[in-house]
């Protein structure tokens with residue numbers, strides 16, 4: 043199997059000859075792109091433009107880097123996963139529920155933060171959003187004040203929406219080293235985004251523009267998984283499509299958590 047660098051070199055050569063929008067056929071194993079060819083023959087059956095293929099490989103390289111993020115700690119010590127929900131997206135909803143179950147499967151203790159009562163109808167209202175963040179962050183500081191972070195061998199933050207801002211800000215301000223899963227982040231999230239983070243965004247998310255999220259993720263080298271036509275819950279309204287989305291998303295989450 044070719045390395046990412048070899049694949050990118052091949053793609054650049056082919057783009058010069060055939061153009062960036064030329065269709066080729068790729069092969070994936072467990073969600074990882076392993077090669078491509080010019081004809082739709084087994085196992086090369088996923089049609090994609092050379093430009094999109096190039097972007098996907100770049101994202102895989104960032105993902106592998108984030109997954110392999112390590113820091114000096116006692117790996118035999120307990121592991122802690124902290125859940126930072128959104129305003130209306132609580133810890134028992136699909137993305138956070140299944141991510142928490144995966145974390146528990148890999149030996150993490152689970153702690154979910156609760157923000158109490160926050161302002162409603164904050165979308166598009168900068169003042170209310172700022173107030174909601176400040177109140178939620180204050181509650182987070184209180185909820186986590188007794189945690190002895192240095193006693194844990196692995197720390198994982200799993201967050202959603204405004205929770206991605208809170209989780210990233212908390213990790214930055216307390217210099218907590220660990221991995222972070224950002225479900226439907228906001229633009230403010232990337233003011234604090236740290237190494238070892240991955241992000242998921244729906245292109246129909248009314249809370250954050252895709253172009254802005256993509257640009258910020260690139261600047262911070264955060265691998266970003268885009269779900270076409272999905273909203274702020276990574277859902278489309280089509281139940282079969284939504285089941286496929288949650289499955290694909292959790293496959294990425296599983297690989298990310300499972301990597302030592």
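Residue numbers (our numbering): 43 to 302.
We put the CB at the ideal spot given by N, CA and C, even for glycine.
Can you find the residues in the same chain that come closer than 8 Å, C-beta to C-beta, to residue i, ignoring five residues on each side of it along the sequence?
{"i": "residue 216", "result": "191"}
{"i": "residue 151", "result": "120, 121, 122, 123"}
{"i": "residue 224", "result": "201, 206, 209, 210, 231, 235, 239, 240, 241, 242, 264"}
Leaving out five residues before and five after residue i in sequence, what residues of the same chain have Cβ atoms less than 7 Å from its Cβ?
{"i": "residue 299", "result": "144, 145, 148, 198"}
{"i": "residue 238", "result": "108, 111, 220, 221, 222"}
Closest to residue i by C-alpha separation, out of the options, would be which residue?
{"i": "residue 124", "options": "194, 275, 102", "result": "194"}
{"i": "residue 242", "options": "267, 141, 71, 84", "result": "267"}
{"i": "residue 184", "options": "92, 253, 158", "result": "158"}
{"i": "residue 274", "options": "244, 258, 301", "result": "244"}
{"i": "residue 101", "options": "196, 182, 256, 179", "result": "256"}
{"i": "residue 65", "options": "71, 76, 53", "result": "53"}
{"i": "residue 270", "options": "116, 287, 260, 258", "result": "287"}
Considering only residues of the same chain and omitting the five flanking positions on each side of residue i, which have a CB-CB separation below 6 Å?
{"i": "residue 234", "result": "210, 211, 214"}
{"i": "residue 73", "result": "293"}
{"i": "residue 177", "result": "160"}
{"i": "residue 49", "result": "99"}
{"i": "residue 262", "result": "232, 235"}
{"i": "residue 130", "result": "none"}
{"i": "residue 126", "result": "155, 201, 205, 208, 209"}
In terms of residues, what are the limits of the alpha helix (DSSP H) holding residue i?
{"i": "residue 46", "result": "46-60"}
{"i": "residue 225", "result": "Note, residue 225: premise wrong, no alpha helix (DSSP H); beta strand (DSSP E) at 221-225."}
Could you give the first and the last residue of the continuous beta strand (DSSP E) run that contains residue i?
{"i": "residue 69", "result": "65-71"}
{"i": "residue 80", "result": "Note, residue 80: premise wrong, no beta strand (DSSP E); not H, not E."}
{"i": "residue 151", "result": "150-154"}
{"i": "residue 123", "result": "121-126"}
Just confirm the distance between the C-beta atoms of residue i and residue j, as a whole number of angstroms; I'd bet it's less than 8 Å.
{"i": "residue 69", "j": "residue 86", "result": "5 Å"}
{"i": "residue 204", "j": "residue 175", "result": "6 Å"}
{"i": "residue 138", "j": "residue 276", "result": "Rounded, the Cβ-Cβ distance is 11 Å, inconsistent with contact."}
{"i": "residue 229", "j": "residue 250", "result": "6 Å"}
{"i": "residue 62", "j": "residue 92", "result": "6 Å"}
{"i": "residue 59", "j": "residue 78", "result": "Going by Cβ atoms, the distance from residue 59 to residue 78 rounds to 14 Å, so no, they are not a contact pair."}
Can you name the residues that DSSP bridges to residue i?
{"i": "residue 276", "result": "DSSP lists no partner for residue 276."}
{"i": "residue 241", "result": "224, 266"}
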